[in-house]
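Below: one structure, written as structure tokens.
Residue numbers (the numbering used here): 1350 to 1593.
Quick look at the structure:
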């Protein structure tokens, strides 16, 4: 009974920590969000749910934050998924979502990466392609782009704009970790999800996640650290709502 009571108290604490302020809930209810798992294999090529797990649980936390279910879409590269993840589908989804809202845009991508970009389905989505999609759909709206992949820092200089915040799992010349067949999430996604209840806005989420990744990589002695990157434009820094 004591263990059950403790678990119930922990669950209640986490639930309360995720409750946004009324202002933040109202602000994000008019935002568009697209969450994409770009592959369904571990680094050794065997099937794995790591990226789909992250997609599902990031979406859960966005909804808890105040994003409207009507304005949140998910794409998965897994065969027979309801929303098949391709570069074309990302462009279509962003365009459709942006037409339904007048607020900002959030894009979360999780997959394998290379120095050329991030894997989406069977092809690499390059930073220049993603920049074109965001410019066409979100234009000058406040935007948050989170890219969880090896070498994902390559997206920062291309996507950087005054209205955007960009968070990546690694430097442009570094790998990220946690893409094994037995992992539940990549390290970076695990850290984003674990620090979410302790953050008060997306910038603090990025900073806490970066510290979490650094701590785990040090404990597990992975070699060269991934060094997640954070970039935020002046306009975004002044306009992104706090959560509570």
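We put the beta carbon where it would ideally sit given N, CA and C, even for glycine.
Classify residue i as buried or exposed, calling it buried when 16 or more other Cβ atoms lie within 10 Å of its own Cβ.
i	result
residue 1578	buried
residue 1418	exposed
residue 1447	buried
residue 1523	buried
residue 1362	Only weak support is given to the placement of residue 1362: the predicted model assigns it a pLDDT of 46, under 50, and the question is left unresolved by the model.
residue 1401	buried
residue 1484	exposed
residue 1445	exposed
residue 1442	buried
residue 1364	Low local confidence applies: a pLDDT of 49 at residue 1364 is under 50, so the model's placement there is unreliable, with the coordinate-based value given in what follows. Result: exposed.
residue 1451	exposed
How many whole angstroms separate the CB atoms of residue i and residue j, which I take to be in contact at a CB cut-off of 8 Å?
i	j	result
residue 1585	residue 1514	5 Å
residue 1334	residue 1413	What is shown of the chain runs 1350 to 1593, which leaves residue 1334 out entirely.
Does the Cβ-Cβ distance between residue i and residue j come in under 8 Å?
i	j	result
residue 1384	residue 1457	yes
residue 1560	residue 1554	no
residue 1473	residue 1496	no
residue 1434	residue 1394	no
residue 1534	residue 1375	no
residue 1518	residue 1582	no
residue 1575	residue 1525	yes
residue 1532	residue 1512	no
So the candidates are the options; which of them puts its Cα closest to the Cα of residue i?
i	options	result
residue 1430	1447, 1398 and 1472	1398
residue 1463	1428, 1500 and 1477	1500
residue 1453	1478, 1461 and 1493	1493
residue 1536	1569, 1408 and 1442	1569
residue 1573	1480, 1502 and 1520	1520
residue 1449	1507, 1379 and 1439	1379
residue 1527	1565, 1486 and 1588	1565
residue 1377	1416, 1460, 1488 and 1421	1416
residue 1410	1580, 1538, 1511 and 1488	1538
residue 1390	1580, 1576, 1530 and 1550	1530
residue 1396	1428, 1503 and 1424	1428
residue 1551	1503, 1491 and 1498	1491
residue 1505	1465, 1487 and 1486	1465
Within the same chain, show all residues whose beta-carbon is closer than 7 Å to that of residue i, passing over the 5 residues directly before and after it, in chain order.
i	result
residue 1406	1542
residue 1587	none
residue 1408	1384, 1421 and 1423
Please go through the same chain and pick out, in chain order, the residues whose beta-carbon is closer than 8 Å to the beta-carbon of residue i, but skip the five residues on each side of it.
i	result
residue 1507	1476, 1477, 1479 and 1480
By Cβ distance below 6 Å, which residues in the same chain neighbour residue i in space, the five residues on each side in sequence not counted?
i	result
residue 1516	1495, 1555 and 1579
residue 1382	1411, 1416, 1421 and 1455
residue 1558	1540, 1541 and 1544
residue 1438	1424
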